[in-house]
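Data block below; observations after.
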Amino acid sequence: MRRAAPFLLLAVLPLAGCQGWQSALDAQGPAARTLADMFWIFLAVLGAVWGLTMIALLLSLRRRRPADADPLATNPETERRMIVTTSIAVGLTLVTVIALTGLSYAAQKVLFARKDGALTLLVTGEQWWWKITYEDSQPNRVFTTANEIHIPVGEPVLIKLEASDVIHAFWVPSLTGKMDLIPGRQNQIQIQADRPGLYRGQCAEFCGLQHAHMGLFVIAETKEEFERWRDRQVSSATPPSDSHRQRGMEIFLSKPCVMCHQVRGTDAGGKVAPDLTHVGSRRTIAAGTLETTRGNLAAWILDPHGIKPGVNMPAVKLEPDEVQPLADYLEGLK
Amino acid sequence: MCSSSLKAVAASILLTALALAACQREEREFRSKSMADETEEKVSLVPLSPGPSGPAEQRSGTAKTYEENAYQIAQGQRLYAWFNCNGCHGNGGGGSGPPLMDDMWTYGGQIEHIVQSIREGRPNGMPSFRGKVPDEQIWEIAAYVRSMGRNVPKAAAPGRRDDMSPGPAEQRRPPGQVIDGGQIPPSAQMPQ
Amino acid sequence: MTRAITPDDLDAVPEISRLATGERGGLPGVRSEADAPVSPDELRDDQVDGPELTARLAKTWGTDKGIIGALSTVDHKVIGRRFIATAILFLFLGGLSAVLMRLQLALPENRLMGPDFYNQLFTMHGITMMFLFGVPIGEAFAVYLVPLMVGTRNIAFPRLNAYAYYVYLFGGLMVWLAFILNIGPDVGWFAYVPLSGPEFSPGKRADFWAQMITFTEVSGIAVAISVIVTVFKFRAPGMTLDRIPLFVWAELVNSFVIIFALPAVVTASATLMMDRLVGTHFYNAAEGGDALLYQHLFWFFGHPEVYIIFLPATGWVSAIVVTFSRRQAFGYIALVLSLIATGFLSFGLWVHHMFTTGLPQLGASFFTASSMLIAIPNGIQIFCWIATLWDGRPVFRAPLLFVMGFFFIFVAGGLSGIMLASVPLDTQVHDTFFVVAHFHYVLIGGNVFPLIGAVYYWFPKFTGRMMSERLGKWHFWLAFIGFNATFFPMHILGLMGMPRRVYTYLPEMGWGHLNLFASLGASLFFASFVLFLYNIVSSARRGPVAGPNPWDAGTLEWAAASPPRPQNFDRIPVVTNREPLWANRDSLPVVAGLSVENREQLVTTVTDGRADLRETTPEPSIWPFLAAIATAILFVGSMFTPWALVWGSVPLALALMGWFWPKPNTEDEK
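Here it is as C-alpha cells:
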C-alpha cells in the first residue's frame, strides 16, 4: 500500500541503532541488558497492538452502508456485535496494560536493587564538566579527577550524584539508565560493566549553554589494570624530566591556570575547575569534546569559546613560544 | 486598511525604543574582541589638578559593556567566589579587607579604578592579579563589585544567589553613589 | 429552513407545549417576566419573519464598522476568527523556529548558530507551540463553534471572552518581541530551576517566560469559564445532556481541565518571579527551598496541559468521523465517559516526568500504573471511532484523510508513551530524542492533523467557500510523509544516545545521517504548511461557494448560514435528537419569543435543556480592550519592579470600573 512505502524505507534505519558506544540497545552491563530486553518486549507487544489497530482501521474503510441509508438508522444486530467486539478490544487492552505494568515493576526492582560493591564514587555535576571523586576508607587514597571514570569489570560500582550549580543528569546508556544530579540532594546510581571497554555518557538534563558538550567516559578494565590506574591517579604529578616540559610547568604556574586548576605536587591548588594532575592520562579534554593531543590542548587554552562558546574556561593569552612547552607539559601529566 | 499601517508605525517605534534599552543589558559576548593584554585606562585617583579643568583622563570605553550587562555581572559574581575575594572582603561588607558595598573608595570607586586596583594590587594586603586573572574576568569582577553598591542599573544587577543569604540581593539595594574619599558608614565609626 | 412546531415535537419536548398556542409574551418557566405586562412596542421574533427578521437581527447583533467597532466587538465569531488566526500565526512562528533548529542539527558541529541562539530558539519553539498555539487553538474553536453547536446566539460572558483574546494576543506579542530583541527566554519551555533562577539566568530573559505564562493562563481560564457556562446554560431547548454534540463535550471537559490545571503553573511562574525579583527562597536549597518543588508544580500543570491540547482534537475527530461515516456516533455514552475519565485521570500522571529525579520508587511505580491506565479511555475512543467508520459509509474527502493520519500517528505515539510510562524504560529514554519523537507523534498526530482536518471541514462554515480538495490531497500526503520522515528517526536517535536540547553533536557519535534525514523531512513538513496556507488564502478568495451544509452534517452549526449571520440563528432551534439536522431533514423546529431589537439569549436548565429565562446579554464595549491594555501594563511592569503591582492596579481598576458600570437595561424597564 502507498502508505507503507515511507515506513519500509524507515524500517532499514533502525538497524543503525544496535551498535554504538552510547547506545541504549548496545547493552554492556546487566542493568542495560535488562532494559534493552524490556524495550524489545514492549516494542513487540505494542507494535502488534498498533498493527492490529491499523488493520481494523483499514478494514473499516469498506463501505458497508448503502448510499441512501439514513445516518441515524442502526441495525440492532450490528450494534450488538460491535459492542461485543469493542468490549473485547478494551478488555484485551486492559490485560496488556496490566501485563506491561507488571513487567515494568519487575524490571524496576532489578534496576534499583543495590548490591554491595567495594567501589564508591562521588560525581558532582558542574557547568559543564563532571567532577569525580574516588572515595576510600583511607583518606590518603581519596583522589579527584574529571570527566573520566575507570571501573573494574564485573563489579558493581556505587556512584553518589550531587550537583554544585544546576540540575544535570548522569547517563551512560550502555551500562544503565540515567539519574539526575540535583543541587541540594544526593541521588545514587549503580553501574556494572560485563566486558572491558570504552562506554560514553552524556549529560541528559538541560543545564545551560554547553549542555551539548558535557560528555564523560566510563572505561571498564580488569581488576589489575584498574588498581594500577588508581595507584597512579592517587599519586602526585611527577616533576618533569626534561627542560622543555620544565619550562612548560613554569609557564603553567605563572599563568591564570593556577587560579582554577589543581596539579597535585605543584603549587597550583585551584579547586573550581577540573583537576589536571593526570590530565595527560585521560582520553579526552573539555568533557569528552576533544581528544587529548598537544594540538587540542593548545587550541583549548587559546580559544575555548571558539570550541565551546559560553564555557567557564577563559581564553589565556600565551606568547607564541609558550604554546608548545605548555602543551607538552600538560600532555605529559600522565 | 489604514489602521494596519498605523499599527505598523506604532510597532516599529516601540521596537526601536525597546531595542535601545534592552540591547546592552542582555548581550552575551563569549569571545573577547581582542587578545590584547589589557585595556588602557588612564584614570586619576584624585579630582585635583592644576588649572581650571579637572584631571585629564583617557578611558577605553569598555565600562559600558560590563557595567550595564547582566551576563557579565553574573559572571563576575561567580568569579568573586571562585577567586576567594570574599576571603578578605566578605560578601561586600569587608573583613580583613575594606567593604566594597559602601561609598568609601580609597583608590577610586568607578569601574576603571576598581579594575586598576585588581590589576595592580594595593598597599596593605590587596594582591596584584595581573597575569593571573585574564583581563576580561577582571572587568567582570569589577562590574560585580560595582553592583554591590548598586552603582549599576537595577535590571542588570544580580538577584539572590542559590546560597545562604546574608542580606538583600544586589538588585534590591538602594542605588549607590561614589563619593571620593567616601563617608564612613555608621557601623564602622569608632565608639565615642 | 425552519418550521412551526408540530405535535410530534411536543412528544419529544413536552415543555414547549405552551408555545404551540402562539401566546405572546414569552416562554414557559419565565418567572417574574411571565406575569409582567409586555410592552406592546417590544418587537419579538415571532412577529417578524423572513428577510426582515434576518436583517433586523443582524443589525442588533452586528459589529460596528471602524477601528473602535472592531475593538469593541463581543461577537463570538469575530473573536473566534481572530483567536484561530492568531493561534495559526503562532503555529507558523513555532514551525519556523523548528525549521531553524533542524537546519542547525542537520550536520554535526554545525556552525549555523551558537548555543545561545539555539537555546532561545528551542525555548521559543516550545512555548509557542504549547502555550501560544496548543491551548489557544482548542479554545479558539470552542469560542467559534460551541455557541453555534448548542444553538444559541452568543457565548456566555462575551466581554470576558473579548478580554481573554486581547490578553492572549498581548502575551504572545510580548514574548516574541522579547525574542526578537535578544531578551527571549533561553531556559527551555519548562524553565527548570535552578537554571532559570536568579543566579544562573541573569537579566530579564526568564522573567519574560514567567510573565508570558501569566498572560496566557489568565486568558485560558477566562475562555474556559465562558465555554462552561455556555454549555451549561445556553443550550437550545431540548438539548439534554445526552444530546450534546461530542465536540461540545470535549470542549466542556477540556475547560474543566484548564481551570484546575492552570493555577499550578501560574504558581510555579509566580514563585519563580518572586525568587528572581524579590529574593524569596522557594527554590533555594541552602535556605530551605527545593528545586523539585518547582518540578512538581510545573508538571502538575504540564501533564494535564497535553490533554488540554488533545481533548479538543478528540472533539474534531468525533465530528469529522460522524459526518464522513454518514452514521451517528457508535458508543456515544462510552465516548463521553471516556472524555470525562481522561480529564480526571490526566491529573494523576504528572510524576512520570520526574522518574529520574531520585523520588522514592514506590511512589513512582504508582504513576507507572496510572500512566498506563489512561490508555484505556483513549483506547475506548479509538475503538468507538473505528466502529463508527466500520458501520458507516466513509466519504474520502480531505477532512477524513487527515483523521486517518491522526489514527496512524497518534496511536503510534500513544504506544511509545506506554513505553515511557514504565520507570525502568524511562530511565534510558527520558530527556532523549525518543521522548521528542513520542510527544510529536501524540501532539502533531493528536492535535495538528485533526486541526487541519477541522479547518478543511469547517472552512465552508467560517468563510462560505470550500477549500480545494485537490490541494487538500497533496497537502495530506506531503504532511504525512514529511512528518514521519522527520520524527520517526528520532525514536532511533534517542535509543542511540542523543539527548534533547543539544545545539550540536560530535561527528563521531554517528548521529549525522539520521539527523540529516530528519531535517530533510522537516523541510517537507514545513512545505506542507505553506501549501496549507496557500490553500486557505486562495480558497477564501476564489473557492467554490458553499451553502449552509455542504457536507450534509448533523449538528446545529450547519443550520446557520455560511458564514453565519451575526445572530447565528433567526430563531432558536429546538433539539430532538443528537444529530438535529439528520433528524429533521425537511425543516428544523424552532422556538420563538426572543426580542429582535435587543440582545437576548435563551437560558435553559443544565441537565434537561428546559427553557428557563430570557437573558439580556451585553452590548459591544471597548472596556475589555482597555482592561487588557491595563493588564499588560501591570504584568510587564511587575517584571521590573514589585511596585508595579501597586501602581499598575490603578489603571486596571479604572478599566474594570468602566466595564462593570451598571447600565440600565431593557429588563429593568418592564
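Chains as they are written, first to last, in the numbering used here: chain P, 312 to 645; chain F, 8 to 199; chain C, 4 to 673. Think of the CB as a built atom: it goes at the ideal place given N, C-alpha and C, for glycine as much as any other residue.
For residue i, does the count of other Cβ atoms within 10 angstroms reach 16, so buried, or fall short, so exposed?
i, result
"Gly550/C", "exposed"
"Ala316/P", "Residue placement at Ala316/P is poorly supported in this model, since its pLDDT is 48, which falls under 50; the coordinates still yield a value, given next. Burial call: exposed."
"Pro623/C", "buried"
"Ile412/C", "buried"
"Glu388/P", "exposed"
"Gly497/C", "buried"
"His524/P", "buried"
How many angstroms separate the CA atom of residue i from the CA atom of residue j?
i, j, result
"Ser353/P", "Arg574/C", "The question names Ser, but residue 353/P in the sequence shown is Phe. Each residue's Cα considered, the two are about 56 Å apart."
"Tyr381/C", "Ser341/C", "The residue you asked about is not Tyr; residue 381/C is Asn in the sequence shown. Spanning the two alpha carbons is a distance of roughly 7 Å."
"Val64/C", "Gln570/C", "Looking at the sequence shown, residue 64/C is not Val but Trp. If you take the alpha carbons of Trp64/C and Gln570/C, they lie about 5 Å apart."
"Gly128/F", "Pro134/F", "5 Å"
"Gly29/C", "Val578/C", "For Gly29/C, the predicted model reports a pLDDT of 38, less than 50, meaning its position is unreliable and no value from the coordinates is stated."
"Gly331/P", "Val339/C", "47 Å"
"Cys95/F", "Ser103/F", "5 Å"
"Glu177/F", "Phe358/C", "37 Å"
"Ala159/C", "Glu603/C", "12 Å"
"Pro122/F", "Ala149/F", "For the record, residue 122/F in the displayed sequence is Val; it is not Pro. Their Cα atoms are separated by approximately 6 Å."
What does a CB cutoff of less than 8 Å around residue i pick up in its chain, not counting 5 residues either side in sequence?
i, result
"Arg66/F", "Glu48, Lys49, Val50, Glu119"
Got a sec? Which residues, its chain only, sit under 7 Å from residue i by beta carbon, not counting five neighbours each side?
i, result
"Lys489/P", "Ala480, Phe481, Trp482, Ala515"
"Glu220/C", "Leu265, Val268, Val269"
"Ala424/C", "His355, Thr371, Ser374, Met375"
"Glu633/P", "Ile562"
"Gly154/C", "Arg238, Ala239, Met242, Leu559, Phe572, Ile575, Pro576, Val578"
"Glu582/C", "Gln331, Gly557, Thr558"
"Asp38/C", "At Asp38/C, the pLDDT of 38 sits below 50, so the modelled position is not reliable; the number obtained from the coordinates is stated separately. Counting only Cβ-Cβ distances below 7 Å, and skipping sequence neighbours, we find nothing."
"Cys571/P", "Gly581, Val583, Ala584"
Secondary structure at residue i, three-state DSSP: helix, strand or coil?
i, result
"Arg543/P", "helix"
"Tyr195/C", "coil"
"Pro691/C", "What is shown of chain C runs 4 to 673, which leaves residue 691/C out entirely."
"Ile460/P", "strand"
"Ser100/C", "helix"
"Glu603/C", "strand"
"Asp615/C", "strand"
"Trp388/C", "helix"
"Ala367/P", "helix"
"Met490/P", "strand"
"Met407/C", "helix"
"Met560/P", "helix"
"His479/P", "strand"
"Phe327/C", "helix"
"Trp441/P", "strand"
Going along the chain, which residues of its own chain have a beta-carbon closer than 6 Å to the beta-carbon of residue i, five neighbours each way excluded?
i, result
"Ala338/P", "Arg344, Ala347"
"Ala595/C", "Asp48, Asp49, Arg574"
"Met642/C", "Asp210, Gln214"
"Gly223/C", "Val138, Ile261, Leu265"
"Ile87/C", "Ala143"
_Stretch-stretch touch, CB-based, cutoff 8 Å, three pairs: the region 458-472 of chain P with the region 499-507 of chain P_ = yes
Spell out a yes or no on whether the region 536-554 of chain P and the region 572-580 of chain P are touching, meaning 3 or more CB-CB pairs, one atom from each, closer than 8 Å. yes
Is there contact between the region 462-470 of chain C and the region 412-431 of chain C, where contact requires at least three CB pairs shorter than 8 Å? Output reads no: the region 412-431 of chain C does not touch the region 462-470 of chain C.
Check: How about the region 344-357 of chain C and the region 391-402 of chain C: do they share at least three Cβ pairs that are nearer than 8 Å?
Finding: no
TODO: Say whether the region 603-623 of chain C touches the region 271-279 of chain C, bearing in mind that this needs 3 or more beta-carbon pairs closer than 8 Å, one atom from each stretch.
DONE: no
Could you say if the region 286-304 of chain C and the region 320-332 of chain C meet the contact criterion of at least three C-beta pairs nearer than 8 Å? no
Requested in this report: Please determine if the region 630-642 of chain C and the region 163-172 of chain C are in contact, where contact requires at least 3 C-beta pairs separated by less than 8 Å.
Outcome: yes
**Asked** Should the region 603-616 of chain P be regarded as contacting the region 101-113 of chain C, the criterion being three or more beta carbon pairs within less than 8 Å?
**Response** no
>> Would you call the region 117-127 of chain C in contact with the region 507-522 of chain P, where contact means no fewer than 3 C-beta pairs closer than 8 Å?
In response: Touching, yes.
Query raised in the report: Three or more C-beta pairs closer than 8 Å, one from the region 103-112 of chain F and one from the region 76-84 of chain F: is that the case here?
Result: no
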